[in-house]
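A.B. asks: Can you read through this structure? Questions will come right after.
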Amino acid sequence: MVFLQQVDSVAADTAQAAAAQTSSVLDMLVLGGWVMIPLVLLSILTIYLLIERLITIRQASSNPDAITDRVRDFVRNGDVEGAIAYCEKKDVPITRILQQGLERLGRPISEIQDAVQAAGKHETFELEKRTNLLASIAGIAPMLGFFGTVLGMIRAFQEIQNLQGNVNPSVLAGGIWEALVTTAAGLLVGILALFSYNFLIGRIRRLTNDMERSATDFIDLLQEPVSSGQRKKEALG
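The opening position of the sequence shown corresponds to residue 7 in this note's numbering, with each subsequent residue numbered one higher.
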């Protein structure tokens, strides 16, 4: 019985501490002034963009070597329709790029290469979509924080002037730390946005490299029969 009472007491103390901490955070947000509103919105937007792009990148991820080998087998066996159907079924950036080339088989190799490159640029653009917003947030959030701090300092010194200098250090310190809340919030949002941007760009570059490698292997595959034919002619000559 005593043990249960102790557990209930600890649980109650923990709940009170959590509630006090939440109240303290909310109080700090309020003390930061109206500048905290756009900073909170930017932090929410940053988290949303990070999660949304991560989901997109995860859906776009694939095994480029396995896909290229599979398409190569279809093409070497003369089953172009099977290769196109395989690409449609997979429906990832690499297969969509290869499908553009497969649908143009029989045309000049330069036209096929241009189509593959255009498809690759389009897929890269789709992967990088909205990441520029993260870069903008990384630059804007700290500036908003500094702006809020400047406004807070102005208010603090106006209060000192209104009191005609009859103010103790604690009042001055209180006004200053309240003003610095926006700087801390702006830096926090900026750091999160910058980390998210660099992290996503790194993942996207790896995917782009896989797409470029698969596109190059596909173009080399299309040139294999031509090279073999040329070697035969040279041997007969």
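Even glycine gets a Cβ: it sits at the ideal position worked out from N, Cα and C.
Excluding the 5 residues flanking E134 on each side, which residues of the same chain have their C-beta closer than 7 Å to its C-beta?
C.D. replies: Closer than 7 Å at Cβ, skipping near neighbours: I210.
A.B. asks: In terms of alpha-carbon separation, which member of L200, F152 and L206 lies closest to I182?
C.D. replies: Here the closest residue by C-alpha is F152.
A.B. asks: In the DSSP assignment, what residue or residues form a beta bridge with L111?
C.D. replies: Answer by DSSP bridge pairing, in chain order: R113.
A.B. asks: What is the DSSP secondary structure of R212, counted as helix, strand or coil?
C.D. replies: Residue state, collapsed to three classes: helix.
A.B. asks: What do you get for R102, buried or exposed, if any count of 16 or more other CB atoms within 10 angstroms of its CB means buried?
C.D. replies: Buried: at least 16 other Cβ atoms inside 10 Å.
A.B. asks: Around the Cβ of G107, are there at least 16 other Cβ atoms within 10 angstroms (buried) or fewer (exposed)?
C.D. replies: Buried.
A.B. asks: What are the uninterrupted segments assigned as alpha helix (DSSP H) that are 4 or more residues long and contained completely in the region 72-140, given in chain order?
C.D. replies: DSSP runs (the alpha helix (DSSP H)) wholly in the region 72-140: 86-96, 99-108 and 115-134.
A.B. asks: With L48 as the anchor, note down where its alpha helix (DSSP H) starts and where it stops.
C.D. replies: It spans M42 to A66 - the alpha helix (DSSP H) in which L48 sits, taken as one unbroken run.
A.B. asks: Exposed or buried, R113, counting other C-beta atoms within 10 Å across all chains shown (16 or more means buried)?
C.D. replies: Answer is exposed; the Cβ neighbour count stays below 16.
A.B. asks: So, L56 versus S202, is the Cβ gap smaller than 8 Å?
C.D. replies: Yes, Cβ-Cβ distance for L56 and S202 is below 8 Å.
A.B. asks: If you draw a straight line from the C-alpha of T90 to the C-alpha of I73, how long is it?
C.D. replies: Sequence inspection shows Ile at residue 90; the Thr mentioned does not correspond to that position. Whole-angstrom Cα-Cα distance: 12 Å.
A.B. asks: Roughly how many whole angstroms lie between the Cα atoms of D223 and L193?
C.D. replies: If you take the alpha carbons of D223 and L193, they lie about 45 Å apart.
A.B. asks: Classify Y92 as buried or exposed, calling it buried when 16 or more other Cβ atoms lie within 10 Å of its own Cβ.
C.D. replies: Burial call: buried.
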